[in-house]
Amino acid sequence: MADRRSPLAHLGAAVIERDDLRLVEASAVGKINLRGDPSDAAWLAAVLAAVDIDLPQAPNTSNETLSLSVLWLAPDEWMLVCAGGSESDVVETLEGAVEDAHSAATDVTDAHTVFRLSGAGARDLLAKGCALDLHPRAFGLGDVVQTLLAKATVILHQTADDTDDAVPVFDIYVPRSFANYLWTWLADTIQ
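With the first letter of the sequence shown counted as 1, position 4 gets the number 3 in numbering that gives the first Met the number 0; the numbers rise by one all the way through.
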């Protein structure tokens, strides 16, 4: 298998830090697209048995364990996020568990890169390129949305909360073809 190469490899270390912000490419992340019928109780049970995590049923939510996150993308679609290098095992496990169902588990690790944005100024930075209400009352810990950020299609996931003196952390899933553009936009906007 060929070595994976970051779409930002030409930048060297993809890290930007400012007093109240930190932006880094989280390149060692595996991603699996899972499609199936959530009204099929046997299918849901098979997925739960395979990966030991419930698929979120409420729109724009996620569930997490120590080793796996599941993001709701559509009524019959989820993204499973795991440690880089383990995605093939997760796909194989899912395929074995749901082989009799109308379902698909596809490794999409190379389709997106992940930018991790954290800090007290993260919401304000995102608001400069995203029309959604990202106030903590409207978008909080575990929330997920597919949206536009600076005219690029992204999946935005809040992975840490900004309560009790903690800072918000957002994972931004960016198509590889938009990675350089969005990184440059974020870097310019941070300045």
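Backbone N, C-alpha and C define an ideal beta-carbon position, used for all residues, glycine too.
**Asked** Looking at C-beta atoms only, is the number of pairs between the stretch 58-71 and the stretch 90-105 that lie closer than 8 Å three or more?
**Response** no
**Asked** For Ala178, does the count of other Cβ atoms within 10 angstroms reach 16, so buried, or fall short, so exposed?
**Response** In the sequence shown, residue 178 corresponds to position 179, counting from 1. Buried, by the Cβ-count rule.
**Prompt:** Rounded C-beta distance between Asp170 and Arg115? I'm assuming under 8 Å.
**Reply:** Translated into positions along the sequence shown, residue 170 becomes position 171. Translated into positions along the sequence shown, residue 115 becomes position 116. Contact between Asp170 and Arg115 holds, since their C-beta atoms are separated by about 6 Å, short of 8 Å.
**Any beta strand (DSSP E) of 3 or more consecutive residues that is wholly inside the stretch 136-163** = Listed in chain order, the beta strand (DSSP E) runs fully inside the stretch 136-163 are 143-148 and 151-159, counting runs of at least 3 residues.
**Message:** As a quick exercise: from Ile15, Asp19 and Ala13, pick the residue whose alpha carbon is nearest that of Ala165.
**Reply:** Taking the sequence shown and counting its residues from 1, one reaches residue 165 at position 166. Out of Ile15, Asp19 and Ala13, Asp19 has the C-alpha closest to the C-alpha of Ala165.
**Message:** Give me, in chain order, the residues of the same chain whose beta-carbon lies closer than 7 Å to that of Pro174; leave out the 5 immediate sequence neighbours on both sides.
**Reply:** Locating residue 174 in the sequence shown gives position 175, counting from the first residue. Excluding sequence neighbours, Pro174 sits near Ala110, His111 and Thr152.
**Asked** Does DSSP classify Gly128 as helix, strand or coil?
**Response** Locating residue 128 in the sequence shown gives position 129, where the first residue counts as 1. Residue state, collapsed to three classes: coil.
**Message:** Considering only DSSP beta bridges, list what Val173 is partnered with.
**Reply:** On the sequence shown, position 174 is the one that residue 173 refers to. BP columns for Val173 point to Thr112.
**Message:** For a test of the three-state rule: what should DSSP assign to Gly95, helix, strand or coil?
**Reply:** Reading the sequence shown from its first residue, position 96 is the one you call residue 95. If DSSP states are grouped into helix, strand and coil, Gly95 belongs with the helices.
**Asked** Out of Leu47, Thr92, Ile31 and Lys127, which has the shortest C-alpha to C-alpha gap to Glu76?
**Response** Taking the sequence shown and counting its residues from 1, one reaches residue 76 at position 77. Looking at the Cα atoms, Ile31 is the closest of the given residues.
**Request:** Count the other CB atoms, across all protein chains shown, that sit within 10 Å of the CB of Ala40; report buried if there are 16 or more and exposed otherwise.
**Result:** The residue given as residue 40 occupies position 41 in the sequence shown. Counting Cβ neighbours within 10 Å, Ala40 comes out exposed, since fewer than 16 surround it.
**Request:** Report yes if the C-beta distance between Leu93 and Ala49 is below 8 Å; otherwise report no.
**Result:** Within the sequence shown, the letter at position 94 stands for residue 93. Within the sequence shown, the letter at position 50 stands for residue 49. Going by C-beta atoms, Leu93 is nearer than 8 Å to Ala49.
**Request:** Quick one: residues in its chain with C-beta nearer than 6 Å to the C-beta of Leu131, no 5 flanking neighbours on either side, listed in chain order?
**Result:** Residue numbering aside, residue 131 sits at position 132 when the sequence shown is read from its first letter. So the qualifying residues of the chain are Thr146.
**Request:** With a threshold of 16 other CB atoms inside 10 Å of the CB of His156, please say whether the residue is buried or exposed.
**Result:** On the sequence shown, residue 156 is found 157 positions in, with the first residue counted as 1. Buried is the call here.
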